[in-house]
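With the numbering used here, letter number 302 in the sequence shown gets 618, and the count goes up by one each step, no holes. Backbone N, C-alpha and C define an ideal beta-carbon position, used for all residues, glycine too. Shown next, in structure tokens, is the structure this report addresses.
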Amino acid sequence: MRHKTFLSVMFFLSASLSVFSQVQDNPVHVLYLNSYDSRMSWPREILKGIEDVLDPDRNNIVLHIEHMDTKEFTSEAYYEAFRDFMAKKYIQTDLSLILCSDNNAFDFLRNNHDVLFPHVPVVFSGVNDFEEWMIDGLPDFTGIAEIISVEDTVDLALKLHPETEEIYIINDYLPTGRAWKRDLEQRLAYLENRVHLNYSGDLPLKELQKKISSLSDKSLILLGVYYSDRDGRFFTYEKSGEQIVSASRVPVYCLVEFNIASGALGGKLIWGYAHGTKMAEIGQRILAGEAPESIPVVKEGLNRFMFNYPQLERYHISLDDLPEESIIVNQSYSLLQEYKTEILVSLVSVVSLIIIAIALFVNVLRKHQVERTLRELSEATWEGIVIHKNGMAIQFNQIFLDMFGIEAEEILGGNMLEKIFPPESRAMVQQRIDENNTDPYEVTARKKNGEEFPVEIRLREIEFKGHPVRVAAIRDLTDQKNMEAQASQSQKLQAIGTLAGGIAHDFNNILSAVVGYSDLGKMISEPDSDFHTYFDNILSAGNRAKELTNQILAFSRQGGGEKVSVNFSAIIKETVGMLKASLPSTIIIEQQISTAVCVKSDPAQLQQLVMNLCTNAGLAMKENGGDLSILLREFYLPQTQTITSFTLKPGSYAELIVRDTGCGMSEETIARIFEPFFTTRVHGGGTGLGLSVVHGIVSQLEGALKVESQLEKGTAFTVYLPSCDKEDLFEKQSPPAVLEGGKEKILFVDDEEVQVKLAEELLRPLGYDVTGLTSSTEAFDLFMKDPGYFDLIIADVTMPELPGDILVEKIRTVRKDLPVLMCTGYSSRVTPEKLKTLGVSHLLMKPLMLRDFAEQIRRALDTFSP
317 MRHKTFLSVM FFLSASLSVF SQVQDNPVHV LYLNSYDSRM SWPREILKGI
367 EDVLDPDRNN IVLHIEHMDT KEFTSEAYYE AFRDFMAKKY IQTDLSLILC
417 SDNNAFDFLR NNHDVLFPHV PVVFSGVNDF EEWMIDGLPD FTGIAEIISV
467 EDTVDLALKL HPETEEIYII NDYLPTGRAW KRDLEQRLAY LENRVHLNYS
517 GDLPLKELQK KISSLSDKSL ILLGVYYSDR DGRFFTYEKS GEQIVSASRV
567 PVYCLVEFNI ASGALGGKLI WGYAHGTKMA EIGQRILAGE APESIPVVKE
617 GLNRFMFNYP QLERYHISLD DLPEESIIVN QSYSLLQEYK TEILVSLVSV
667 VSLIIIAIAL FVNVLRKHQV ERTLRELSEA TWEGIVIHKN GMAIQFNQIF
717 LDMFGIEAEE ILGGNMLEKI FPPESRAMVQ QRIDENNTDP YEVTARKKNG
767 EEFPVEIRLR EIEFKGHPVR VAAIRDLTDQ KNMEAQASQS QKLQAIGTLA
817 GGIAHDFNNI LSAVVGYSDL GKMISEPDSD FHTYFDNILS AGNRAKELTN
867 QILAFSRQGG GEKVSVNFSA IIKETVGMLK ASLPSTIIIE QQISTAVCVK
917 SDPAQLQQLV MNLCTNAGLA MKENGGDLSI LLREFYLPQT QTITSFTLKP
967 GSYAELIVRD TGCGMSEETI ARIFEPFFTT RVHGGGTGLG LSVVHGIVSQ
1017 LEGALKVESQ LEKGTAFTVY LPSCDKEDLF EKQSPPAVLE GGKEKILFVD
1067 DEEVQVKLAE ELLRPLGYDV TGLTSSTEAF DLFMKDPGYF DLIIADVTMP
1117 ELPGDILVEK IRTVRKDLPV LMCTGYSSRV TPEKLKTLGV SHLLMKPLML
1167 RDFAEQIRRA LDTFSP
């Protein structure tokens, strides 16, 4: 049965490869995006199917592979970092096709396709719970839905075990496991009066094993997906399946092919290799010119009956009782069956020669065919391949020679390890060879010119010319390591940004009381009194504290004040003027500042940027003095350009260069200067936040930043910021209007009691009827008593029990025409898109300033339309 399946697949692959028989001059770039870990057998089988169909090297295809690892990493920050990583990595790659497997990769592409890969066709596979609406409006998408054959599997199991009274069904409680449980409950409902269906709960693995071992002899187990237990421990599917099977005294049926390797008995299974080949075949059709939207999504026909032979013997199940098309694995094979793939390939090539050949030459011809097959295999990959015996090279591909910059004659006949590995790596490689360890590992390799670089090595033992030899696959990890370093830097900035957000939330709540009661004090004090002046001074200090909070948030791309047109030239001159008094007299400042260079920014951010760069330069020249030069000018960028990790769009920019003649920096220091809290100063000489703040400000303003430095020769920081029209600097400012109040009824909700009292005392003098509550659930209950009573609702974003955005969603289900304002000290819960969806008129940032507070209330009441 398996031989027929194999021959059918080989015939189809040979036919489909003819589509690509004419190799193009330029390579075709194809991306395979996998939702999970590269160690899982499911994506490995899918990838094998893709490679067997596309045959990248023969068809001039560059196959890029990315593993999202979203079983373990699921946060929004991780998805944002992965999206940025993909944007940077593939910005200059002209992709012709994207292949993706499983829901997380599918959803990632649905959400980011138009931004990352506009108009690039996408073929998906392994998507659970697929519905046609998921690709509505996505004409570039088609693929394969993952449909489990649970009815066929269970019906066959009950036929083979007619005494069964209970089926114990196992899934984990991750999103995929919960989705499978819901699907199985619906599809097995027809068995309700026939057997008892018992679903596993969210159990630790040890408790699950204990439950399994206690099942009666009239039970069966149906294993779905189990990747993590209740204690948060993660396993490979193979490992968790092995633990489940080992604890069971009754047959374990499954729905996915990789559980066969764990010892499960089998069933009608989803097969990763079949998904991979079918997905690649659809991809070939698209590359040949078919439109994705004309190719219907495949929803059936890929699952196969597969069974584990030792388990069949254990439970006395005859092969004759199985469906005719069943595939049997782990059967005790003869030597012919053991090496059927190699022998079949040889026989297919030799058949045409048998008629004219004599039996004397059969063995010789077969030997030559095996050698040719090995040579072809060594070239059909993007990795360096070398066949060796005890470190002596026998055969290799061109990629291997190019990777190390060597010629064939340099590697043949000698000790290969001495040629391609430095002494400190050689012992590890030799040990792996001696132990015949097949696990992949990383090690440092060396090119002919002496350059060292990281590689990953996989080792296999085969028979070549009647002798055991080893095949090593070597992959250059240089690009991967560079990308990981960039991703690590991004994660560090995000971590400190999260901390800054928490600080900002609490600090702005405190400032609200300070600023709000100062406004009240001004309102009730005489304009010419000392108290009025005191309150003015408190308000001024509160505003400076608010700006400081925005500066803390700036370096993490999380905040900043309102962006306005700013005279960058004036900001620099003012900042440098303040700095002169704090710099040693041995430092000479030179300025070349173009007049009225305009930038759209928060003025405090620009001042912080200049202050940090100049202070950093001053510290570098503190001991011996030197020259500090500051240059500001405008220039036009005609096309998109990448500067370090930043991408600049075409347009006009302000270029700021801060150069010093100080001590300079090594390459190791340059690689870390933008890390939060990193500093080379002695204790007390710096916080390590200055350049992180600069990096955050530049990122938030969609600019770019680069650094050039040499030890003892000084450093230059260059900043590029988008410039704006100079006429924006001269817009007339209208005098502040008189505060306008009203008689409307307002419901104000905030979990901080001081915020509620402050809002009441600020708004009641303006004539409003204010009801303040500290509980969002009580606020909703009060609203529901009379939904038409209130004219406006103001809700804080971050509240326990019922956050502000959820409260507004519930209110909108009852009354869509009610004006709503929201306020926050800092929160990542709401985005501009979500505010628009909720019908929120404005998001007020704490501390609440009386004038802005009053104006936004009046505007919401006067202009709101549902």
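Pair within 9 Å by beta-carbon distance, residue i and residue j
i	j	result
ILE486	GLY540	yes
LYS527	SER516	yes
ILE377	MET595	no
LEU1074	SER1092	no
GLU606	PHE621	no
SER1025	ILE986	yes
LEU454	VAL346	no
GLU479	LEU513	no
VAL438	PRO608	yes
GLN714	VAL702	no
GLY588	CYS570	no
MET402	ASN428	yes
PRO1213	GLU1018	Nothing about residue 1213 can be reported from this structure: the residues present for the chain run from 317 to 1182 only.
GLU971	ARG949	yes
GLU465	PHE440	It is Ser, not Glu, that sits at residue 465 in the sequence shown. For SER465 and PHE440, no; Cβs fall outside 9 Å.
ILE1110	CYS1139	yes
Residues near residue i in its chain [Cβ-Cβ closer than 6 Å; skip 5 each side]
i	result
ILE644	PHE623, TYR625
LEU944	ILE903, ILE905, ALA933, ASP976
GLY1001	With a pLDDT of only 43 at GLY1001, under 50, the local geometry of the prediction cannot be trusted, and the value read off the model is given with reservation. Once the five neighbours on either side are set aside, GLY1001 has no close Cβ partner at all.
ALA743	none
GLU361	GLY588, TYR589
GLU1028	GLY980
ASP445	ALA495
Beta-carbon proximity list for residue i, same chain, < 8 Å, skipping 5 on both sides
i	result
THR1179	SER1157
SER564	ILE528, SER529, LEU531, ILE537
VAL998	Only weak support is given to the placement of VAL998: the predicted model assigns it a pLDDT of 43, under 50, and the question is left unresolved by the model.
LEU1089	LEU1063, PHE1064, VAL1065, VAL1072, ALA1095, LEU1098
For residue i, the three-state DSSP class (helix, strand or coil)
i	result
MET927	helix
ALA1075	helix
PHE623	strand
LEU1177	helix
MET744	helix
THR977	coil
ASN575	helix
PRO359	helix
PRO1163	coil
ASP1112	strand
PHE1106	coil
SER1015	helix
PRO1081	helix
ALA1020	strand
ASN798	helix
PHE389	coil
ASN883	strand
SER945	strand
VAL831	helix
SER1156	Note on identity: in this sequence residue 1156 is Val, with Ser being the wrong assignment. Residue state, collapsed to three classes: coil.
Distance between beta carbons of residue j and residue i, contact taken as under 8 Å
i	j	result
ALA1170	GLU1077	13 Å between Cβ atoms; not a contact.
VAL892	CYS930	7 Å
VAL1065	ASP1112	6 Å
ILE959	TYR1036	7 Å
LEU1160	ARG1128	Not quite, the Cβ-Cβ distance comes to about 19 Å (not below 8 Å), so this is no contact.
ILE790	MET719	7 Å
GLN1223	LEU733	An answer regarding residue 1223 cannot be provided, because it is not within the stretch 317 to 1182 covered by the chain.
ILE909	ILE888	6 Å
Close Cβ partners of residue i (< 7 Å) along its chain, the five nearest in sequence each way excluded
i	result
ILE778	VAL785, VAL787
*Mind listing, in chain order, the continuous alpha helix (DSSP H) runs of no fewer than 4 residues lying wholly within the segment 473 to 530?*
491 to 503, 521 to 529
*asked:* Runs of 3 residues minimum, wholly inside the segment 1123 to 1153: which ones carry the beta strand (DSSP E) assignment?
replied: 1136 to 1140
*asked:* As an exercise, report each continuous beta strand (DSSP E) stretch of at least 3 residues that is fully enclosed by the segment 532 to 560, in chain order.
replied: 535 to 539
*Kindly provide the ranges of any alpha helix (DSSP H) runs that are 4 or more residues long and lie completely inside the segment 402 to 442, ordered along the chain.*
419 to 432
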